[in-house]
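Novice: Once you've had a glance at the structure underneath, I'll fire off some questions.
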Amino acid sequence: MIEEAQMIRGLKSDEEYTLHEDFAFIDYTMTSDITFTIDDSDKPAKVVKKDEITKVKISKADATTGEDQKVIMEDTGKPNETVETGTDHLLRGVIQDNGRIDRREISGNRDSIKRL
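Following the working numbering, the numbering of the sequence shown begins with 85 at its first residue and continues without gaps.
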């Protein structure tokens with residue numbers, strides 16, 4: 085991840101430009117396009133792109149029936165009893181095309197689960 089300012093030279097004044105991200109680093113969400121215009125002053129234009137960690141909020145209840153759902157550990161195939169029913173949990177990671185979340189972490193009131 086690049087944390088220092090980057091200079092782009094050769095942009096023309098009074099032209100509209102778009103900063104577009106083609107990919108995001110693991111654990112981060114792709115940013116929306118940022119459109120900006122270079123003015124006639126001698127001051128450099130400042131465009132800020134903020135990196136956001138991917139977050140998915142889940143609930144352990146079935147959306148249609150309200151029935152409690154269990155978080156199943158991928159490595160053991162058994163339910164994880166440390167995640168409490170009735171609380172929301174945050175997932176961090178990369179959502180794959182098949183809907184699975186890779187390299188994830190769930191945070192509840194008490195515990196963190198490194199792997200489902």
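We treat Cβ as the ideally placed atom computed from N, Cα and C, and that holds for glycine. Here the structure is a predicted model, which means the values were calculated and not measured.
#1: I need the DSSP call for Thr-166, collapsed to helix, strand or coil.
#2: Evaluate Lys-138 with the Cβ neighbour count: other Cβ atoms within 10 Å of its Cβ, from every protein chain shown; 16 or more gives buried, anything less gives exposed.
#3: Between Met-91, Glu-88 and Asp-98, which lies nearest to Asp-123 when the distance is taken from Cα to Cα?
#4: Taking the alpha-carbon positions, what's the Tyr-101 to Gly-150 distance?
#5: Can you tell me the Cα-Cα spacing of Asp-106 and Gly-94, whole angstroms?
#6: Measure from the alpha carbon of Thr-119 to the alpha carbon of each residue in Gln-90, Lys-130, Glu-87 and Asp-111, then state which is nearest.
#7: For a test of the three-state rule: what should DSSP assign to Thr-121, helix, strand or coil?
#8: Whole angstroms are fine: how far does the CA of Thr-115 sit from the CA of Ser-125?
#9: Do Thr-113 and Glu-136 have their C-beta atoms closer together than 7 angstroms?
#10: For Lys-96 and Asp-111, what's the separation of their Cα atoms in angstroms?
#11: Near His-104, which residues of its chain fall below 6 angstroms by C-beta distance, leaving aside the five closest residues on each side in sequence?
Specialist: Checking against the coordinates, here is how it stands:
#1: For Thr-166, the predicted model reports a pLDDT of 49, less than 50, meaning its position is unreliable; a value from the coordinates is still stated below. Looking at Thr-166 - three-state DSSP - the assignment turns out to be coil, as it is neither helix nor strand.
#2: Here the sequence assigns Thr to residue 138, which means Lys is not the residue at that position. Thr-138 should be labelled buried.
#3: Selected option, being the one with the closest Cα: Asp-98.
#4: 48 angstroms
#5: 22 angstroms
#6: Out of Gln-90, Lys-130, Glu-87 and Asp-111, Lys-130 has the C-alpha closest to the C-alpha of Thr-119.
#7: strand
#8: 28 angstroms
#9: yes
#10: 35 angstroms
#11: Asp-117
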